[in-house]
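Protein chains in written order, with this note's numbering: chain A, 1 to 106; chain B, 1001 to 1132.
Glycine is no exception: its CB is placed at the ideal position from the N, C-alpha and C atoms.
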Amino acid sequence: MSKKIMNLLLCLTLVAALSLMCVLFLRYHSLGSELTDLRARVSTSISAWKKTDAEKQELQKERDELKDSLKEARLSLAEAQDRAESFRDDIKSLEQEIGELKKKLP
Amino acid sequence: MSHPSVNLPRSRRSAFFPAFFPAFFTVIMLVFVLFLVWYVPSVSRRDFLLRDTQLSLETNLGRERKQQYEYDKVSAEIPVIRAELDLVLPETEAAQQELETLREQKKKLKKEKKTLEKQLSGSGVEEDAADE
């Protein structure tokens, strides 16, 4: 009877060991699947941010060019306004001089 | 490792536990031990890789969000700059045209002044001659 119980216990141990092996192997396999999935997601994420970065750089280039054009246009406007002011002063003094000259004429 | 039931006469052996059971048990337990020897480092390595990949994924997702934020920011800036440029460019052109007009006016006035100066110096000479 005790041998039978002993054998039964050994049998149970065997079954438990085999079950544990199966469970552990399944866990190992699921870890592998999870790892593969994560690696795929990392790869997708890397390609996504690289694509966005390339597009962003193109946009930045366009923005910088527009900014330069704006700066140039503002500078040109300020310069033209300054010169126009100076011309107006010159014209005023010339008109005065001409008025005086006209008075001097017989 | 010999099991007690192995030495028993065939008639007394259990029908449920055949003679090769002890050997079978030993083999399975050996396989189990070998499996554990292989499993523990393999799983810890896989766990490490998993954590490392998760970290890498978080980093890359963060980078993706940052790039997207910067992209949106630049995209929003471009129409504003373009609108500002559309306002400034006609103003600049108008200022240039005004400058050109003023330049022409100044030229004309200079010419007129020269003519008047010539006229004045000529009439001065004539007056001097008349005085003499």
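For L94 (chain A), the enclosing alpha helix (DSSP H) covers residues 2–104. Check the Cα spacing between K50 (chain A) and each of B:F1048, B:S1044, B:L1061, B:V1037: the tightest is with B:L1061. Here the C-alpha atom of Q1068 (chain B) lies approximately 56 Å from the C-alpha atom of M1029 (chain B). The criterion of a C-beta distance shorter than 8 Å is not satisfied by K1110 (chain B) and L59 (chain A).
Here F1048 (chain B) is exposed. Its C-beta has fewer than 16 other C-beta atoms within 10 Å. Closer than 8 Å to the CB of K1106 (chain B) there is at least one CB belonging to chain A. Against chain A, the beta carbon of F1020 (chain B) has no neighbour under 9 Å; the closest one sits roughly 13 Å away. CA-to-CA, the gap between R1082 (chain B) and K1073 (chain B) works out to about 15 Å.
Nearest to F1035 (chain B) by alpha-carbon distance, out of A:A17, A:R41, A:T44, is A:A17. Measuring C-alpha to C-alpha distances from E1084 (chain B) to each of A:R88, A:S69, A:A78 identifies A:S69 as the nearest. In the structure shown, F1020 (chain B) falls within a coil segment according to DSSP collapsed to helix, strand and coil. Among the residues facing chain A, K1114 (chain B) is not included, as its CB has no counterpart in that chain under 8 Å away.
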